[in-house]
Amino acid sequence: MSFSTQLCILCRGGRNLCGKAYCPVITRIRTLNIIANLKKSNELFGTSPPAVFVGRMGYPDIYVGPMAPTDCGDTSIYDFPEQWSSLKIDKIIEMRLSLVLGRTKIGVTDIDSRIAQAIHELVLNAKPTDIEMVFEKPPKGFIFSEYEPPIGPRAPLVNLRIVGSTSSNRIVDRFYSDTDAKASTAVVELYRYGIPVSYIQKLLSVGALGRKRSRRFVPTRWSITAVDDAISRYLVEKRIKYYREIDRIQIFVRSIHRNLFISLLIPGKWCFEWMEAWFPRSTWNMFGSEVAIEGDYELFTANRDTYASIGGCYYAARLATAEYLEKIGRQAIAVVLREIYPGFDIPIGD
């Protein structure tokens, strides 16, 4: 995509004169600097948030591996989406693209392999952990997806060594050791104990939850949706549907990163509808001339048993809505709309 040189000189990354949610020039320079520094070595020493990536291409033989920046110290925010709402999109992209992925191909059921056990040890750490990765060749490239946060340079992993001290969470350890509990049960119970949703998604993704014979690697993209679905389903079916209805209409509006979110709660029994309106020149309507609108819904009397046509964003929105209704102890008809404007053309995940 081309830009006006004159506009860039006037803006210099500080005034968003191009109308984008981030500065493409600064982001490109920072990304190239990260990759350039990594090309000097086939090894990386850094503090993993902890973070892992489980791919889906080639399933059931997929790429998995740990991620870490070259930074040391408290890197937890690099893989903690719950803390990103106050960050500028430039910062989110910079953090994510600095995470280097050392990947290896593995069967989804090979959770007892040496590399799988090392990944489990890493993910079970409650705090950021120092790791050392040796690559077959210098890391390169990056990954953007509408369904997962961005990922920086990657390379085939030769060896992974955890060199930092470990500190696990007692509740997480309990469900990791419980090979009789179903994964869905573990997900809900961990949530009830206050474990962050993004961390539960990580545990499910690396095969650390569920019955012994059913444990396996779950692609990151799928685990995010599965956890959002399981938790929101629990909140709706076991709690919210038994609450009194709200007594007045409530409207919530938030604008962030060239996205507008509008949530409308109406007195009535639980129903949920999620809609997205992609304006021309936004990520998934880059070449369109009209606003593209898609959506899906569920009713009080019909539990959803098919995957939402609009994708994983449906479950993320349902979870956010359910958490609010659980907080106030009420049920409602919920209509949630997301408008995506020109300038939001770099996906950072749901």
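In this text, residue positions in the sequence shown follow our numbering: the first is 56, and each later residue adds one.
Just so it is clear, CB atoms sit at the ideal spot from N, CA and C, and this is done for glycine as well.
Check: Just curious, the beta strand (DSSP E) that arginine 216 is in, first and last residue?
Finding: 209-217
Notebook entry, point to check: Which of helix, strand or coil does DSSP assign to leucine 380?
Noted result: helix
Next item on the list: Provide the residue(s) that pair with cysteine 326 in DSSP beta bridges, ordered along the chain.
Entry: Ile388
Margin query: Could you give the first and the last residue of the continuous beta strand (DSSP E) run that contains threonine 184?
Written below: 184-190
Notebook entry, point to check: Do alanine 387 and isoleucine 279 have their C-beta atoms within less than 8 angstroms of each other?
Noted result: no
Next item on the list: Could you pull the start and end residues of the alpha helix (DSSP H) that phenylalanine 230 belongs to?
Entry: 225-232
Note to self: Could you check whether tyrosine 114 and threonine 159 sit closer than 8 angstroms to each other, using their CB atoms as the reference points?
What the structure shows: no
Check: If tyrosine 352 and cysteine 368 are in contact, beta carbons under 8 angstroms, what's the gap, nearest whole angstrom?
Finding: About 14 angstroms; that fails the 8 angstroms criterion.
Notebook entry, point to check: If you pair each beta-carbon of the region 212-221 with each one of the region 182-193, do three or more pairs fall below 8 angstroms?
Noted result: yes
Checklist line | Same chain only: Cβ atoms within 6 angstroms of methionine 56, ignoring 5 sequence neighbours per side | finding: For methionine 56, the predicted model reports a pLDDT of 46, less than 50, meaning its position is unreliable; a value from the coordinates is still stated below. Answer for methionine 56: no residue qualifies.
Check: In its own chain, which residues sit with a C-beta less than 8 angstroms from the C-beta of serine 310, not counting the 5 before and 5 after it?
Finding: Phe316
Next item on the list: Let me know the alpha helix (DSSP H) ranges lying completely inside the region 236-307, each 4 residues or longer, listed in chain order.
Entry: 238-247, 252-260 and 275-293
Check: Going by alpha carbons, who is nearest to arginine 189 out of Arg271, Asn97 and Arg151?
Finding: Looking at the sequence itself, residue 189 is valine, so the reference to arginine does not match. Checking every option, the nearest Cα to that of valine 189 belongs to Asn97.
Item checked: Nearest neighbour of tyrosine 248, chosen from Phe355, Ala281 and Arg225 [CA to CA] -> Arg225
Next item on the list: In the DSSP assignment, find the unbroken beta strand (DSSP E) run with arginine 169 in it and report its ends.
Entry: Per DSSP, arginine 169 belongs to no beta strand (DSSP E); it is in the alpha helix (DSSP H), 169-178.
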